[in-house]
Amino acid sequence: MHFSDILDSIVTDGDDYAVTVDESWAQGRATFGGVIAGVGNEVLRRQVPHDRPLRSLQTTFIGPAAPGTWQVRAGVLRVGKAVTVARCEITESDRVAATVVGIYGGSRSSAVKVTLPAVAPLCAADQIAEPDMRGAPIFTRHFDFRWAQAHRLFSAASDAPTQAYIRHHDAAALGESHVVALIDCIPSPALTMFHAPAPASSLTWTLEFVEHQFDFAPEAWWRIDTCIDAAAEGYVHQTGTLHDPNGRAVAVSRQLVAVFG
Numbered sequence: 083m084h085f086s087d088i089l090d091s092i093v094t095d096g097d098d099y100a101v102t103v104d105e106s107w108a109q110g111r112a113t114f115g116g117v118i119a120g121v122g123n124e125v126l127r128r129q130v131p132h133d134r135p136l137r138s139l140q141t142t143f144i145g146p147a148a149p150g151t152w153q154v155r156a157g158v159l160r161v162g163k164a165v166t167v168a169r170c171e172i173t174e175s176d177r178v179a180a181t182v183v184g185i186y187g188g189s190r191s192s193a194v195k196v197t198l199p200a201v202a203p204l205c206a207a208d209q210i211a212e213p214d215m216r217g218a219p220i221f222t223r224h225f226d227f228r229w230a231q232a233h234r235l236f237s238a239a240s241d242a243p244t245q246a247y248i249r250h251h252d253a254a255a256l257g258e259s260h261v262v263a264l265i266d267c268i269p270s271p272a273l274t275m276f277h278a279p280a281p282a283s284s285l286t287w288t289l290e291f292v293e294h295q296f297d298f299a300p301e302a303w304w305r306i307d308t309c310i311d312a313a314a315e316g317y318v319h320q321t322g323t324l325h326d327p328n329g330r331a332v333a334v335s336r337q338l339v340a341v342f343g
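Sequential numbering of the sequence shown, starting at 83, is according to this note's numbering.
And the structure:
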């Protein structure tokens, strides 16, 4: 079941939605968080017109969502002159799995303009050897990976900056929600600092989009650079920057991750 198949499975009954996700998206006993956030955004987009670009998507992971049919309750909280705020709650077997809040804002003139640094066009990924993904969660089969800079998982690394080229296996046209899911596909760089295999789980995830072109060819490589800002007492604060296939910075990702190693 490709990610586009998941989006196609969404059915609507007013503010209530249902979506089906199969076992191929498993991540341990839960489902890959990028699917949860991507589904949340896709449902919210059924209520928020696309003339208001996605500015921020805030996901709180409350409990594990097993594969199957999820229920999604969505609603628009406020419509202002420029900004729409919408929220949905994703439940599985009557248990809340996640809440997603989307901030969608139209553009306006401003004296303030600061851009994130771009990188060279992402053309070198095919020259990097394909990594050994044995032991990786099942959902990773839906993506291609190339590591430009990274330590091995569970290698007791002293630092953890990561640069990874990523893309969907899905041949369907890319859209906004596809890119949301794509951003979350690499493991937390904290896992490279573990001395032995142990679990980690995202608690909150905020995406802030600064560019809104998503219609690149499905086979094009994107790049995400991720670093740990701080970590202590079993919690990791990490930041990532997503670059599109032209090297332009598209989004900033911020996560709070609980680690057990």
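Even for Gly, the Cβ is constructed at its ideal location relative to N, Cα and C. Predicted model only: the values in this text are computed from it and were never measured.
- When C-alpha distances from W107 are compared across V182, G150, W304 and G217, the shortest belongs to G150.
- Put simply, the backbone Cα of L273 is about 43 Å away from that of K163.
- Between A211 and I306, the gap from beta carbon to beta carbon reaches 9 Å or more.
- Taking a C-beta distance under 9 Å as the contact criterion, Q295 and D326 qualify as a contact pair.
- The three-state reading of DSSP puts I92 in coil, since its state is none of H, G, I, E or B.
- Scanning its chain for C-beta atoms nearer than 6 Å, with the 5 sequence neighbours on each side dropped, one finds around P146 the residues R111 and A112, in chain order.
- Between the C-alpha atoms of T288 and I185 there is a straight-line separation of about 11 Å.
- For P243, the CB contacts under 6 Å within the same chain, skipping 5 residues up- and downstream, are C309 in chain order.
- Straight-line measurement puts the Cα of L285 at about 29 Å from the Cα of P131.
- Pairwise C-beta distances place the region 169 to 178 out of contact with the region 247 to 267, as fewer than three of them are shorter than 8 Å.
- For A314, the enclosing beta strand (DSSP E) begins and ends at W304 to A314.
- Taking the CA atoms as reference points, L235 sits about 44 Å from A193.
- According to the DSSP assignment, R127 belongs to the alpha helix (DSSP H) that extends over G115 to R127.
- Collapsing the DSSP output to three states places V261 in a helix.
- In this structure, the straight-line span from the alpha carbon of I92 to that of N123 is close to 12 Å.
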